[in-house]
Amino acid sequence: MLSFLDWGSTFRAKKASKPDGSEGPSQHPQSQLPHLLRSADAKRIFGTTLVDRAQLRKSVQLPEGEQLDDWIALYCVDFLNVMNLLYSLVYAKACTEESCPSMTAGPCYEYRWHEDGDRGRPVRLSAPRYIESLLEWAEQQLSHASLPQNRKVCRAVVRRFYRLFAHIYHHHMDTALEFGATTHLNTCFWHFYYFVREFNLISSKELEPLRGVAEVGA
Numbered sequence: 046m047l048s049f050l051d052w053g054s055t056f057r058a059k060k061a062s063k064p065d066g067s068e069g070p071s072q073h074p075q076s077q078l079p080h081l082l083r084s085a086d087a088k089r090i091f092g093t094t095l096v097d098r099a100q101l102r103k104s105v106q107l108p109e110g111e112q113l114d115d116w117i118a119l120y121c122v123d124f125l126n127v128m129n130l131l132y133s134l135v136y137a138k139a140c141t142e143e144s145c146p147s148m149t150a151g152p153c154y155e156y157r158w159h160e161d162g163d164r165g166r167p168v169r170l171s172a173p174r175y176i177e178s179l180l181e182w183a184e185q186q187l188s189h190a191s192l193p194q195n196r197k198v199c200r201a202v203v204r205r206f207y208r209l210f211a212h213i214y215h216h217h218m219d220t221a222l223e224f225g226a227t228t229h230l231n232t233c234f235w236h237f238y239y240f241v242r243e244f245n246l247i248s249s250k251e252l253e254p255l256r257g258v259a260e261v262g263a
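The structure is reproduced here in structure tokens:
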């Protein structure tokens, strides 16, 4: 599904924590996104993709004869691979315990970690620890034998995947620009965005951290 990628060449901030893991951040790196969204090059920076966006939008649509839950589960597995690639872009050099002491998306959004089945309160993790926990958790969830019948699991997975996009766009666009990787990043984002919108997997409220990217790149 994602063969065109050639990597070789939760929410308004609140003071009280939420069950879904979002909370107003107390410590976070400065967001790079507002400045870039106001720049004259914003449409190019956020709208350029490796393939035509109409093709990306069409590619996520349910093929005739395909079971919906199977299709959604298949895409979730593909996007897990994408998340690993995206994290490798910023890991070590840019996204560290020191640079990103919490998992944020700008000044208004902080995501806290909460394991399924854990009755404790969501905990603050550094961004790299959060992302590593996310990738490990998602792999476990997506390897479950009954996954195609469990759309609830898929919704939870893609909601958390979106947080990785939000963190990178807000705090690590300088790295993407330095490596010339914005087109790859945008292609992954728009493919993912069309997928979750096509099947209504993420609420508009949870999409808010990257609303500016969606509007400028549209």
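Take the sequence shown: its position 216, counting from 1, is numbered 261 in my numbering, and each next residue is one higher. All C-beta atoms, glycine included, are put in the ideal place defined by N, C-alpha and C. Note that the coordinates shown come from a computational prediction; the quantities given were computed from them, not determined experimentally.
Checklist entry - Does the separation of the CB atoms of Glu142 and Met148 fall below 8 Å? => result no
Item to check | Those residues which DSSP pairs with Met148 across a bridge | outcome: Tyr156
Item to check | Cut-off 8 Å between Cβ atoms - residues of its own chain near Val168, not counting five sequence neighbours on either side | outcome: Arg157, Trp158, His159
Next on the checklist: In whole angstroms, give me the CA-to-CA distance for Ala87 and Ser191.
Outcome noted: 42 Å
Next on the checklist: Mapping the DSSP letters down to three states, classify Val168 as helix, strand or coil.
Outcome noted: strand
Item to check | Given 8 Å, three or more beta-carbon pairs between the stretch 230-245 and the stretch 197-216 | outcome: yes
Item to check | Cβ-Cβ separation, Val261 to Phe91 (assumed contact under 8 Å), whole Å | outcome: 5 Å
Next on the checklist: How far does the alpha helix (DSSP H) with Glu260 in it extend, from its first residue to its last?
Outcome noted: 256-262
Checklist entry - Is the beta carbon of Ala150 less than 8 Å from the beta carbon of His212? => result yes
Next on the checklist: Tell me which residue opens and which closes the alpha helix (DSSP H) that Pro79 is part of.
Outcome noted: 78-83
Checklist entry - Do you know offhand how far Leu101's Cα is from Leu95's? => result 10 Å
Checklist entry - Hey, Gln77 and Asp219: beta-carbon distance below 8 Å or not? => result yes
Next on the checklist: Please report the straight-line C-alpha distance between Val135 and Ile176, rounded to a whole angstrom.
Outcome noted: 11 Å
Checklist entry - To the nearest angstrom, how far is it from the Cα of Thr93 to the Cα of His216? => result 19 Å
Checklist entry - Taking the DSSP output, what are the residues bridged to Tyr136? => result Cys140
Next on the checklist: Since Leu246 and Cys199 should fall inside the 8 Å C-beta cutoff, what is the C-beta to C-beta distance between them, to a whole number of angstroms?
Outcome noted: 7 Å
Checklist entry - Quick one: Cα of Arg196 to Cα of Gln186, how far? => result 11 Å
Item to check | Beta-carbon proximity list for Cys233, same chain, < 6 Å, skipping 5 on both sides | outcome: Val127
Next on the checklist: I'd like to check one pair, Phe210 with Leu255: are the Cβ atoms closer than 8 Å?
Outcome noted: yes
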